[in-house]
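Below is one structure, written out as structure tokens; the observations come after it.
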Amino acid sequence: MNAVLRVPLLLTILLSTRTIIANPGDEERRDNNNEERRDKNGMILIDLDVSGDIPDKIKVIKSRTLFHLNRYRVAPEYKTHYRIGAISDNGMRVLDENHQNLPQYSNIMERQVSLFRDRYGTNVVRVTDTFKIENSKVIKNMLEFINKPGKSFYALLVRYHIDIDLLDPGTLDKLNVHKIEGSGFTVFQLRKNMLTHAYIGVVKYGGQIVHEALSNDVIEREVTLDNSPESHAILVRSTMRDGSSSYSKYLVVEDGNGGRIVHEETKTF
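Numbering-wise, the sequence shown is residues -22 to -1, 1 to 247 according to mature numbering (1 follows the signal peptide of the UniProt record, and there is no 0).
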């Protein structure tokens, strides 16, 4: 009788031991499955905290011109199967893995991230997503988020516009005006400490409107005045959120009324 009882008892102990031994492995596999999250395209998501340890599949490119600018992207050898997912900064949420407010742009093929920290304590994260939409068309969308000193959150960055008159120094106090010696060119750019807050808006020349395209989609605008002997023109370059750039050229035509502005062409790249 005792021998009969001992056999089921031994089997029970063995089965219990197998269960105990198997559980850690099962948990590990479940953990791995949880960590390996995929989007609707089957891409494996890599969450990025720009203040933490950088995952080994993400490449960091440090700017040579701006000391506090870093760019993050999935290394080329992993781009086929991986993309950047949710973004944070020292635990502060910046953006989820998908655009919750842009459902039409949920089909993300690639995500690139830039981080800029200025000397005043302002942090700006720029997220550039490449999407595939209807008819297999590929587009880009850029969003920027700002964290100001003393704040514990990131907010969507929307720039205000600064209107200028190229012949009125009183409107140029927030700009760097650079004359290129011997060329006749003068370049007008916002000062670096203004780039995360504003963009050049309406452009005038002696009171006449040259360029007045205002949009929340403008990231940066630069104006060049060409006073070279063979030309008298104004060039306006605008960088947009979709990654495109437009170049508009205006001629300053002298006439009996003191001159007029003529739009010659606009090209988009």
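Just so you know, even glycine gets a beta-carbon here, dropped at the ideal spot from N, CA and C. Nothing here was measured: the structure is a model prediction, and the numbers come from that model.
- ASN85: not part of any beta strand (DSSP E); DSSP gives it neither H nor E.
- Taking the Cβ atoms as the reference, THR100 lies roughly 6 Å from LYS126, within the contact range of under 8 Å.
- Using a Cβ distance threshold of 8 Å, ILE62 and LEU26 count as a contacting pair.
- Look at ASN171 here: in three-state DSSP terms it is helix.
- For THR217, the closest C-alpha among the options THR58, MET120, ASP31 is that of MET120.
- The stretch 208 to 215 and the stretch 227 to 242 touch, with no fewer than 3 CB-CB distances between them shorter than 8 Å.
- Relative to the Cα of ILE124, the nearest Cα in the group LYS110, LEU153, VAL105 belongs to VAL105.
- Only buried fits ASN76, as 16 or more other CB atoms lie within 10 angstroms of its CB.
- Taking C-beta atoms as the reference points, ILE178 and ILE140 count as a pair closer than 8 Å.
- One thing to note: THR164 has its Cβ within 8 Å of the Cβ of LEU203.
- Spatial neighbours of ARG16 in its own chain (CB-CB distance under 7 Å, excluding positions within 5 residues in sequence) are listed in chain order as ILE22, LEU23.
- Take the alpha-carbon of SER226 and the one of GLU243: they are about 6 Å apart.
- In the DSSP annotation of this structure, the continuous segment of the beta strand (DSSP E) that includes HIS189 starts and ends at 186 to 189.
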